[in-house]
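So in numbering that gives the first Met the number 0, spot 127 of the sequence shown is number 126, and the numbers just go up one at a time.
Heads up, the beta-carbon is just placed ideally off N, CA and C, and yes, glycines get one too.
Please read these numbers as outputs of a predicted model, since none were measured by experiment.
Worksheet: one structure, shown below.
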Amino acid sequence: MNPRKVFILALVVMLTITALFAAQTKISPERIIIVPKPSEFTVDLWFDKKEGATYKPGEDFTIFIKPSQSAYIYVFDITPDGDVRLLFPNKYDSNNFVSANTVKQIPGPNSNYTLKVAGSPGKEIIQVVAVKSKLRLIPIPLAEEIPILSKEPLEFFTDVIRKQLVGDWTSASSYFYVGIVPTHGTVSLESDPQGAYVYVDGRYRGTTPMKIVLDSGEHFAVFYLEGYEPVILNFQVEPNRVITVKARFEKPHRVGQITIRSEPSGAKVYIDDVYKGRTPLELTLSEGEHELKVIHPDYVEEYALTFRIFEGSNVIYSFPFYQKKQKLGTLEVYSQPMGARVFLNGRYYGDTPLTLQINEGRYELALIKEGYRVYVTDIEIDSGIRQVVSVNLVKID
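Shown next, in the form of structure tokens:
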């Protein structure tokens, strides 16, 4: 057997393919997928099969990316259980700088790993982001083959990715199927006025009017027309049917600004019950009345109020947070023999067997019983986690 082949097989990376928008997890695609504005900076994304093709479990899977300008490339996968995974850069291919008009193949022809399709039948969405400066994805556990960056996709793309997309950047998305052959329908994309740029599911399709064939199911389109606000429309494609999706552009709304701050920063901001990001945050809103909610994950206080935006106004709010939430974990301490005195950071809590609810953090645990050697160790208490310490005390000779 070819030794190089053995080496490659030993480093196979399993790409778990599952249905992105499965019923068990309600993820709105237009709030997750990043859609760029029309510009000269573009990135092409395709696979070793055409878009929407079917792969069998165990089949090799290859990604191709081509930026129109030199950029750092990031490839994300969002699983139906809410995990955001990083496909590239990865443990075996960490250099993600790609020169202009150069095709990057993942994995490359000389790579020492492969991507293989696996998992439940369904539709898989791949999102590519191209930027001129490296994104701050800390920490990136590149020791893992396909690291999980977050279990909160909406907050991850809002707080971590979108906030860093300043200056020149672009993105693209595509999809394929695992184990099933999808049905298709036709969509007529129109706009009033005509000539709008259209992105469907994060992928540029052309200008209105136009017709495209899509797989059956839920989709969304973003229409851009100079001088107007973008129009986002959700639609359902039915098998073997033709539907019309039409964007009607209206004159731009009168808008104003709102600035939301908090002490400490990092509070979650909701406008009209829609999550917008974390403080400090500056937003442009349409004229009129809006509802604001500010919640800090580490503090008890919650703020909710109604405010009004006028054309050209700049509303500023600052919210203080005082009372920290208690984040408790459970510690169970047992000893043989029983009756050992339990100390945490030098403070006596009781005798074994002992169960405690204590704040998360690092502690020095000491067990003391007459006639036995003192037992000392460091423990880490995590919020909502039960930790058991069982000790056989050593008798003093």
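Original post:
Going by the CB atoms, is the gap between V130 and Y71 shorter than 8 Å?
Top reply: Along the sequence shown, read from residue 1 onward, the residue named residue 71 stands at position 72. Along the sequence shown, read from residue 1 onward, the residue named residue 130 stands at position 131. The beta carbons of Y71 and V130 sit closer together than 8 Å.
**OP:** With DSSP as the reference, label L114 as helix, strand or coil.
**Re:** Numbered from its first residue, the sequence shown carries residue 114 at position 115. Of the three classes helix, strand and coil, the one that applies to L114 here is strand, per DSSP.
**OP:** Flag this pair as yes or no: are the beta carbons of Y371 and L392 separated by less than 8 Å?
**Re:** For this step, residue 371 is matched to residue 372 along the sequence shown. For this step, residue 392 is matched to residue 393 along the sequence shown. Result yes, Cβ atoms of Y371 and L392 sit closer than 8 Å.
Original post:
Is the segment 58 to 72 touching the segment 142 to 160 in the sense that three or more CB pairs, one from each, lie closer than 8 Å?
Top reply: no
**OP:** Within 10 angstroms of the Cβ of Q23, are there 16 or more other Cβ atoms? Answer buried if so, exposed if not.
**Re:** Here residue 23 is taken as the residue at index 24 of the sequence shown, counted from 1. Caution applies to Q23, whose pLDDT of 38 falls short of 50 and renders its modelled position unreliable; the value that the coordinates give is listed next. Under a 10 Å Cβ-count criterion, Q23 is classified as exposed, with fewer than 16 other Cβ atoms of the shown protein chains found around its own Cβ.
Subject >> The beta strand (DSSP E) enclosing A303, as first and last residue numbers >> reply: Against the sequence shown, residue 303 aligns to sequence position 304. Per DSSP, the continuous beta strand (DSSP E) segment holding A303 begins and ends at 301 to 308.
Original post:
Under 8 Å, do V199 and A220 count as touching if we go by C-beta distance?
Top reply: On the sequence shown, residue 199 is found 200 positions in, with the first residue counted as 1. On the sequence shown, residue 220 is found 221 positions in, with the first residue counted as 1. Yes, Cβ-Cβ distance for V199 and A220 is below 8 Å.
Subject >> Burial state of L304 (16 or more Cβ within 10 Å) >> reply: Here the question's residue 304 lines up with position 305 in the sequence shown. Exposed: under 16 other Cβ atoms inside 10 Å.
Subject >> Helix, strand or coil at N391 [DSSP, three-state] >> reply: Counting from one through the sequence shown, the residue named residue 391 turns up at place 392. Strand, per DSSP.
**OP:** Please determine, among H289, K122, Y112, L353, the residue with the shortest C-alpha to C-alpha distance to F309.
**Re:** By one-based count along the sequence shown, residue 309 stands at place 310. Looking at the Cα atoms, H289 is the closest of the given residues.
Subject >> Pick from I367, K326, H183 that is closest to I395, judged by C-alpha positions >> reply: Counting from one through the sequence shown, the residue named residue 395 turns up at place 396. Checking every option, the nearest Cα to that of I395 belongs to I367.
Original post:
For K122, which option in P56, D167, F234, N358 has the closest C-alpha, if you only look at C-alpha atoms?
Top reply: Along the sequence shown, one-based indexing puts residue 122 at 123. Of the listed residues, the one whose Cα sits closest to K122 is P56.
**OP:** Compute the Euclidean distance between the alpha carbons of L284 and K324, then round it to the nearest angstrom.
**Re:** Position 285 of the sequence shown holds residue 284. Position 325 of the sequence shown holds residue 324. In a straight line, the C-alpha of L284 is about 32 Å away from that of K324.
Original post:
According to the Cβ coordinates, are D82 and I147 closer than 8 Å?
Top reply: Residue numbering aside, residue 82 sits at position 83 when the sequence shown is read from its first letter. Residue numbering aside, residue 147 sits at position 148 when the sequence shown is read from its first letter. For D82 and I147, yes; Cβs fall inside 8 Å.
Subject >> From L291, Y348, N358, residue whose alpha carbon lies closest to that of G383 >> reply: Working through the sequence shown from its first residue, we reach residue 383 at position 384. It is N358.
Subject >> D191 classed as buried or exposed, judged by whether at least 16 other C-beta atoms fall within 10 angstroms >> reply: If you number the sequence shown from 1, residue 191 lands on position 192. Exposed.
**OP:** Take the Cβ of D76 as the centre, count every other Cβ of all protein chains shown within 10 Å, and call the residue buried at 16 or more, exposed below.
**Re:** Here residue 76 corresponds to residue number 77 of the sequence shown, with the count starting at 1. By the 10 Å Cβ count, D76 comes out buried.
**OP:** Pull up the distance between the alpha-carbon of V157 and that of I32, whole angstroms please.
**Re:** On the sequence shown, position 158 is the one that residue 157 refers to. On the sequence shown, position 33 is the one that residue 32 refers to. Reading the sequence as shown, one finds Thr at residue 157 and not Val. Cα to Cα, the separation comes out at about 10 Å.
**OP:** Note down, one range per segment and in chain order, each beta strand (DSSP E) of at least 3 residues found wholly within the segment 275 to 301.
**Re:** 280 to 285, 287 to 294
Subject >> Rounded distance between the beta-carbons of F87 and Y73, thought under 8 Å >> reply: Here residue 73 refers to the residue found at position 74 when the sequence shown is read from its first residue. Here residue 87 refers to the residue found at position 88 when the sequence shown is read from its first residue. With 8 Å as the limit, Y73 and F87 qualify as a contact, their Cβ atoms being about 7 Å apart.
**OP:** Could you work out which residue in D377, T182, N111, V42 is closest to R202 when comparing CA atoms only?
**Re:** In the sequence shown, residue 202 corresponds to position 203, counting from 1. Out of D377, T182, N111, V42, V42 has the C-alpha closest to the C-alpha of R202.
**OP:** Write down the C-beta distance between D214 and V241 rounded to the nearest angstrom, noting that I regard them as a contact closer than 8 Å.
**Re:** Taking the sequence shown and counting its residues from 1, one reaches residue 214 at position 215. Taking the sequence shown and counting its residues from 1, one reaches residue 241 at position 242. Between V241 and D214 the Cβ distance is about 15 Å, and since that is not below 8 Å, they are no contact.
Original post:
For M209, which beta-bridge partners are listed by DSSP?
Top reply: Locating residue 209 in the sequence shown gives position 210, where the first residue counts as 1. Note: M209 sits in a beta bridge opposite L188.
Subject >> C-beta atoms of N239 and G184 nearer than 8 Å >> reply: Counted from its first residue, the sequence shown places residue 239 at position 240. Counted from its first residue, the sequence shown places residue 184 at position 185. The criterion of a C-beta distance shorter than 8 Å is satisfied by N239 and G184.
**OP:** Taking all protein chains shown into account, decide if V197 is buried (16 or more other Cβ within 10 angstroms of its Cβ) or exposed.
**Re:** On the sequence shown, position 198 is the one that residue 197 refers to. Residue environment analysis places V197 among the buried positions, since at least 16 neighbouring C-beta atoms fall within 10 angstroms of its C-beta.
Original post:
Span of the beta strand (DSSP E) holding P229?
Top reply: As a position in the sequence shown, residue 229 is number 230, starting the count at 1. P229: not part of any beta strand (DSSP E); DSSP gives it neither H nor E.
Original post:
Beta carbon of I105, beta carbon of V128: below 8 Å?
Top reply: Indexing the sequence shown from 1 puts residue 105 at position 106. Indexing the sequence shown from 1 puts residue 128 at position 129. No, the Cβ-Cβ distance between I105 and V128 is not below 8 Å.
Original post:
Between the beta-carbon of D59 and the beta-carbon of T113, is there less than 8 Å?
Top reply: Locating residue 59 in the sequence shown gives position 60, counting from the first residue. Locating residue 113 in the sequence shown gives position 114, counting from the first residue. At the C-beta level, D59 and T113 come within 8 Å of one another.
Original post:
How would you label D92, buried or exposed, when you count the other beta carbons within 10 angstroms and need 16 or more for buried?
Top reply: For the purposes of this step, residue 92 is taken as residue 93 along the sequence shown, with counting starting at 1. That one is buried.
**OP:** Return the residue from the list P37, Y223, Y269, G118 that minimises the CA-CA distance to P414.
**Re:** Coverage of the chain is limited to positions 0 through 396, which leaves residue 414 absent and any answer about it impossible.
**OP:** Sort out for me which residues DSSP pairs Q335 with in a bridge.
**Re:** On the sequence shown, residue 335 is found 336 positions in, with the first residue counted as 1. Bridge partners of Q335: N391.
**OP:** Please classify V332: is it buried, with 16 or more other beta-carbons within 10 angstroms of its beta-carbon, or exposed?
**Re:** For the purposes of this step, residue 332 is identified with residue 333 of the sequence shown, where counting begins at 1. Burial state of V332 is buried, judged by a 10 Å Cβ sphere holding 16 or more other Cβ atoms.
**OP:** For K275, collect the residues of the same chain with a Cβ closer than 7 Å to its Cβ; drop the 5 residues on either side in sequence, then sort them by chain order.
**Re:** By one-based count along the sequence shown, residue 275 stands at place 276. Here the set comprises V268, Y269, L282.
**OP:** Figure out for me which residue from K133, S119, Y321, S334 has the closest Cα to the Cα of N94.
**Re:** In the sequence shown, counting from the first residue as 1, residue 94 sits at position 95. Minimum Cα distance to N94 is reached at K133.
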